[in-house]
């Protein structure tokens with residue numbers, strides 16, 4: 041790796057003029073295959089480095105979105121239209137017309153939708169009209185930061201105010217991290233980058249990239265990433281003011297912690313989701329669940345249907361990507377926080393090496409309740 | 024094969040032999056398959072077997088696994104081949120086939136893995152197998168990193184290919200030398216169908232000729248200048264690297280791309296392709312192009328099905344099934360159909376364009392050589408006169424042993 045680190049520059053108002061020219065080319069190429077647009081872009085005299093142009097073009101693709109739907113439509117249409125060779129214009133026109141009538145669309149729609157899922161063949165479209173330059177800048181920034189963190193050795197996020205969302209997202213995606221308090225009152229998240237791992241770097245990198253859109257909701261933060269592109273170390277510093285696309289609330293499947301909490305509640309346990317972080321020296325630990333287990337008389341009261349005093353609090357943290365070293369570190373942190381009753385539930389598919397420890401339980405997909413109950417019994 | 028005593032070799036003592044050595048139902052081997060296996064045995068159960076596409080390389084490997092009776096790992100380049108190997112194994116062996124790749128991660132006594140999954144899994148399971156089969160072995164050292172084979176302890180190794188690379192290199196080091204090789208022509212009329220290769224000269228239209236000369240001249244001028252500077256010792260890679268640093272160089276590369284795009288599918292080729300498809304209407308035909316853009320262009324113009332890396336697995340499977348049943352008769356592709364695909368029987372291949380690779384040419388021709396009583400396959404090759412494509416065609420023919428008929432009938 042090169043000793044000289046270079047800095048990754050994000051997009052801002054200085055990029056507006058050439059992005060405007062690029063948008064002109066896009067509008068001029070509407071309806072034509074992306075291949076044609078790219079040829080035009082290659083020959084255009086845009087005052088920007090080709091890699092920056094490519095980033096903005098990816099942002100355009102993001103904005104036009106909807107690949108899954110396009111794939112289904114195009115695949116069905118190809119099955120309907122493509123077949124024996126149409127060797128003359130009449131045969132070709134007839135086949136397209138039949139498909140158009142069958143689907144209730146125009147012939148030109150059939151022609152353009154046929155290849156709508158192929159990166160270079162699909163037609164250039166702007167369904168919501170010409171986007172403002174600022175929207176492209178925001179999406180280009182998102183793309184550039186996400187690409188950087190996917191190629192990062194380490195990422196540090198310092199957040200003021202709304203750090204909890206970030207920490208919980210880190211936990212939800214099972215990223216290897218530690219959290220501490222900074223001298224300026226900030227929460228510091230040190231997240232291991234994918235290039236520091238030996239396995240599952242792509243999956244891990246994608247999970248890490250999911251953090252980036254959340255930065256749009258952070259009023260005050262700093263992100264530093266040390267990355268590697270083509271063997272050259274590059275650093276990225278991100279802080280407001282910065283244009284990023286607004287976060288769209290996504291409908292997501294319940295997390296493993298949420299499903300476990302539901303299972304525990306069904307089994308009549310008293311469960312607290314996302315309890316407050318615990319101080320462990322200079323650092324913080326974020327258990328996913330806290331469970332109050334009835335002991336002694338309370339247990340018999342519970343069995344009789346009348347909860348009484350005498351509860352033991354157990355903490356549970358779900359760990360995604362991990363190594364034995366990381367699990368040991370986690371257990372140490374809980375010990376430093378004065379927590380003895382901790383269970384680390386480790387995703388067996390995402391760990392490189394399981395730690396042989398009575399408080400470390402492996403699971404796949406869903407946590408088996410009986411295994412967990414075995415610990416506190 | 025079934026009559027021969029199945030015994031594990033001396034070189035592999037510690038493996039659970041019984042899992043693999045029982046319950047095989049293999050069809051009898053043909054003469055050249057037996058010969059290949061015998062050569063491999065004599066070579067100390069290491070080496071590469073080169074047999075043409077469609078001649079039954081898989082069966083040779085299955086016979087080797089049955090004969091050794093030790094756990095075996097088969098590494099293949101694509102998920103499609105992973106499926107095909109797993110299916111071939113389950114047809115003749117009763118055990119559960121392990122799979123590594125395409126979302127499945129299960130290790131068995133006989134396991135099929137994609138190259139990329141083998142990269143990840145080799146450190147963990149590299150000590151479990153006594154035999155490793157490398158399919159499409161000419162990719163060792165590139166697509167299939169040599170390190171994968173270094174991490175496997177298997178003493179017995181067999182490489183399979185239709186187009187062996189030159190001696191030495193990583194393949195020789197990790198798997199062994201080519202210990203048995205037989206060409207297409209030695210098997211035509213026996214294990215492979217008879218075929219005829221017809222080259223069709225294509226003339227550029229006058230405006231196309233002018234455009235070609237202009238762009239070719241623009242490129243050749245800059246290329247010659249660079250070559251003189253390097254005193255003739257310049258690879259294409261070096262040229263591209265230096266050319267992209269200057270405006271003149273970048274323009275030369277643009278001119279190169281431009282005239283290559285022109286000869287990929289000029290009007291003459293368009294007319295010839297239509298005429299050939301009309302002549303062989305209803306016959307299963309594969310159209311090979313030099314790049315995806317041309318494949319899509321043909322698909323767009325003639326409303327035929329393209330098969331490229333962008334066409335998903337589900338759709339590909341459906342298309343191949345439609346091709347198998349005769350519902351569609353023409354497929355167009357640039358590279359995907361070249362190798363590693365169990366294509367249904369086809370009679371006609373039309374090579375619209377391609378690289379100068381003799382290896383690829385052999386693979387493409389192999390696609391129409393699946394034998395059938397009375398079958399005479401036809402391979403048409405379209406070559407634009409007085410262009411660089413003629414040199415490409417000449418180099419491609421170097422991999423073939425038979426004379427080529429030039430036809431002027433289609434223009």
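Chains as they are written, first to last, in this note's numbering: chain A, 41 to 417; chain B, 24 to 434.
Every residue gets a Cβ at the ideal spot worked out from N, C-alpha and C, and that includes glycine.
Q: Could you tell me whether any non-hydrogen atom of the ligand SAM is closer than 6 angstroms to the CB of residue 377 of chain B?
A: Questions concerning the ligand SAM fall outside what the structure shown contains, since it holds no ligand whatsoever.
Q: Taking only beta-carbon positions, decide if residue 219 of chain A is within less than 7 angstroms of chain B.
A: no
**Q.** Whole-number beta carbon distance between residue 377 of chain B and residue 313 of chain B, since they are thought to touch under 8 angstroms
**A.** 5 angstroms
Q. Beta-carbon of residue 288 of chain B versus every beta-carbon of chain A: anything under 7 angstroms?
A. no
Q.
I'd like to know whether the C-beta of residue 139 of chain A is nearer than 7 angstroms to at least one C-beta of chain B.
A. no
Q: Determine the extent of the alpha helix (DSSP H) in which residue 262 of chain B is found, giving its start and end residues.
A: 259-266
Q) For residue 321 of chain B, which residues from the same chain have a beta carbon less than 6 angstroms from its beta carbon, with the 5 sequence-adjacent residues on both sides left out? A) 355
Q: Drop a sphere of 10 angstroms on the beta-carbon of residue 269 of chain A, count the other beta-carbons inside from all chains shown, and report buried for 16 or more, exposed for fewer.
A: exposed
**Q.** Close Cβ partners of residue 146 of chain A (< 8 angstroms) along its chain, the five nearest in sequence each way excluded
**A.** 140
Q. If we count Cβ pairs, one from each stretch, closer than 8 angstroms, do we get three or more for the region 363-374 of chain A versus the region 268-287 of chain A?
A. no
Q.
Using only CA atoms, which one of B/57, B/289 and B/370 lies nearest to residue 303 of chain B?
A. B/370
**Q.** Coarse secondary structure for residue 261 of chain A, derived from DSSP in three states
**A.** strand
Q) If you drop the 5 nearest sequence neighbours on each side, which residues of the same chain put their C-beta closer than 6 angstroms to that of residue 291 of chain B? A) 225 and 226
Q) Can you list, in chain order, the residues of its chain whose CB lies under 8 angstroms from that of residue 359 of chain A, leaving out five sequence neighbours each side? A) 214, 366, 367, 370, 384, 385, 386, 387 and 391
(Q) For residue 117 of chain A, which residues in the same chain have their Cβ closer than 6 angstroms to its Cβ, ignoring the five residues on either side in sequence? (A) 153 and 154
Q | Range of the contiguous beta strand (DSSP E) that encloses residue 128 of chain B | A | 127-129
Q: Could you name the residues of the region 330-349 of chain B whose beta carbon sits closer than 9 angstroms to any beta carbon of chain A, in the order they occur along the chain?
A: 331, 333, 334, 335, 337, 338, 341, 342 and 345
Q: For the region 158-169 of chain A, enumerate the residues whose C-beta is nearer than 8 angstroms to any C-beta of chain B, in chain order.
A: 158, 159, 160 and 161
**Q.** Contacting residues, own chain, Cβ-Cβ under 6 angstroms from residue 95 of chain A (five flanking each side not counted)
**A.** 180, 183 and 184
Q: Determine which residues of the region 123-151 of chain A have a Cβ less than 9 angstroms from any Cβ of chain B, and write them out in chain order.
A: 123, 124, 125, 126, 127, 128, 131, 132, 135, 136 and 151
Q) Whose Cβ in chain A lies nearer than 9 angstroms to the Cβ of residue 297 of chain B? A) 125, 127 and 128
Q | Classification of residue 281 of chain A by the beta-carbon crowding that lies within 10 angstroms, buried from 16 upward | A | exposed
**Q.** Nearest-angstrom Cβ-Cβ length linking residue 77 of chain B and residue 201 of chain B, presumed shorter than 8 angstroms
**A.** Going by Cβ atoms, the distance from residue 77 of chain B to residue 201 of chain B rounds to 19 angstroms, so no, they are not a contact pair.
Q.
Below 9 angstroms on C-beta distance, what does residue 319 of chain B contact in chain A?
A. 73, 75, 155, 158, 160 and 161
(Q) Let me check understanding here. Comparing Cα to Cα, which of B/408, B/383, B/324 and B/73 lies closest to residue 37 of chain A? (A) Look at the range of chain A in this structure, 41 to 417, and you will see that residue 37 of chain A is not part of it.
Q. Just checking, does the region 137-155 of chain B make contact with the region 78-98 of chain B on the three C-beta pairs under 8 angstroms criterion?
A. yes
Q. What is the DSSP secondary structure of residue 324 of chain A, reduced to helix, strand or coil?
A. strand
Q: Starting from residue 55 of chain B, follow the alpha helix (DSSP H) in both directions and report where the run begins and ends.
A: 54-65
**Q.** Boundaries (first-last residue) of the alpha helix (DSSP H) holding residue 187 of chain A
**A.** 173-190
Q: Could you name the residues that DSSP lists as bridge partners for residue 57 of chain A?
A: None; residue 57 of chain A has no bridge partner.
**Q.** Nonlocal neighbours in the same chain, by C-beta distance under 6 angstroms from residue 30 of chain B, ignoring five residues either side
**A.** Bear in mind that the predicted position of residue 30 of chain B carries a pLDDT of just 38, short of 50, making it unreliable; the figure below should be weighed with that in mind. Cβ neighbours of residue 30 of chain B beyond the five flanking positions: none.
Q.
With distance defined between alpha-carbon atoms, name the residue in B/379, B/394 and B/392 nearest to residue 414 of chain B.
A. B/379
Q) Going along chain B, which residues have a C-beta under 9 angstroms from residue 325 of chain A? A) Residues of chain B passing the Cβ test: none, with the nearest at roughly 31 angstroms.
Q. Helix, strand or coil: how does DSSP classify residue 73 of chain A here?
A. strand
**Q.** Whole-number beta carbon distance between residue 161 of chain B and residue 134 of chain B, since they are thought to touch under 8 angstroms
**A.** That belief does not hold up - the Cβ atoms of residue 134 of chain B and residue 161 of chain B are roughly 22 angstroms apart, past 8 angstroms.
Q) What does residue 115 of chain A touch in chain B if you count any residue whose Cβ is under 9 angstroms from its own? A) 334, 335, 337, 338 and 341
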